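Just below is one structure, and these are the notes that go with it.
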Amino acid sequence: MHFPSSRQMRGKLLGYGLTWAYLRSGRSRAPRACRSVPPMPPKKKGKKAAAKKAADPSDAPEEPLSVEMQNLFLKRQVESLKHRLIMAANLASQSETEARELRRRLNVLNEDFVQERKNSFEITADMTRQYKSMKQELLQTINTLNAQIMQEKDRYAQKETAMQVMEAKKDDLVATKNAEIAEWKKKVDEMAMEFSQMLKQTLDKMSERIIISNDEWDAEGGEAPPIQKRLEGFTLGSSA
């Protein structure tokens, strides 16, 4: 049987010790540093590296291991394999337990899903019936309201037309009345002017007669009659 060198032996024993300590801690997997890692391929070295290695005394071949070290290595290797086997058994048992639990939960979920699908189907059917009934009622209501809207539009159009006709008649009537008022105002002004001229002519004639009468009264030595004073006051008031 081939045994590793002393340096490799120390590294493997250290790895076995870490694995054993990790397994004793109760964890299911060993740390990444303690897992078996495939060896890296050897790097190619040039002539300078080969010459340097030949000159380095630390790279000299090591002495073979003693029997005690070999036994210790084999013992640790056996313990590591046993613990790996225990860890694998624990993982298998734990996986089986988890699988049973998952199957149980899956069965429960399947039953719940079947019941929920049944309930959903019943609810959906009921909601579909209600939706169709409400849709029919809404369509009837919409049709009725549309008919009422059309009737109201027709009535509004008729009233709008009648209002426009009444507005046109009112404008014509107002224009006619305004023309009549202007005509009557013009006639009143003309009549007032004619009456004023007639009154002035009458007053002038009366004044002439009064003056003649006054001259006669003065010739006879009497006072002016009272009517002359009234006429003078009226004339002054009219002229003002």
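In terms of UniProt numbering, the sequence shown has 186 at position 186, counting the first letter as 1, and numbering is strictly consecutive. Note that the Cβ used here is the ideal one computed from N, Cα and C, for glycine as well. Model, not experiment: these values are computed from the prediction.
Query                                                                                                                        : Result
Span separating the alpha-carbon of residue 23 from that of residue 104                                                      : At residue 23 the pLDDT is 47, less than 50, meaning the model places this residue with poor confidence; the figure from the coordinates comes in the next sentence. Looking at the two C-alpha atoms, the distance is approximately 31 Å.
DSSP three-state assignment for residue 66, whether helix, strand or coil                                                    : coil
Backbone CA spacing between residue 191 and residue 211 [nearest angstrom]                                                   : 30 Å
Between the CA atoms of residue 131 and residue 140 - distance to the nearest angstrom                                       : 14 Å
Alpha helix (DSSP H) runs wholly inside the stretch 187–216, at least 4 long, in chain order                                 : none
Neighbourhood of residue 183 by C-beta, 8 Å cutoff - its chain only, sequence neighbours within 5 removed                    : none
Buried versus exposed, by CB contacts within 10 Å (16 or more), residue 133                                                  : exposed
Separation of residue 177 from residue 161, as counted between CA atoms                                                      : 24 Å
Where residue 196 falls, given that 16 or more other Cβ within 10 Å makes a residue buried                                   : exposed
Residues of its chain near residue 188, where Cβ-Cβ distance is below 6 Å and the 5 sequence neighbours each way are ignored : none
Residue 120, buried or exposed, once every other Cβ within 10 Å from all chains shown has been counted against 16            : exposed
Cα-Cα separation between residue 185 and residue 159, rounded to whole angstroms                                             : 38 Å
C-alpha gap between residue 117 and residue 108, whole angstroms                                                             : 14 Å
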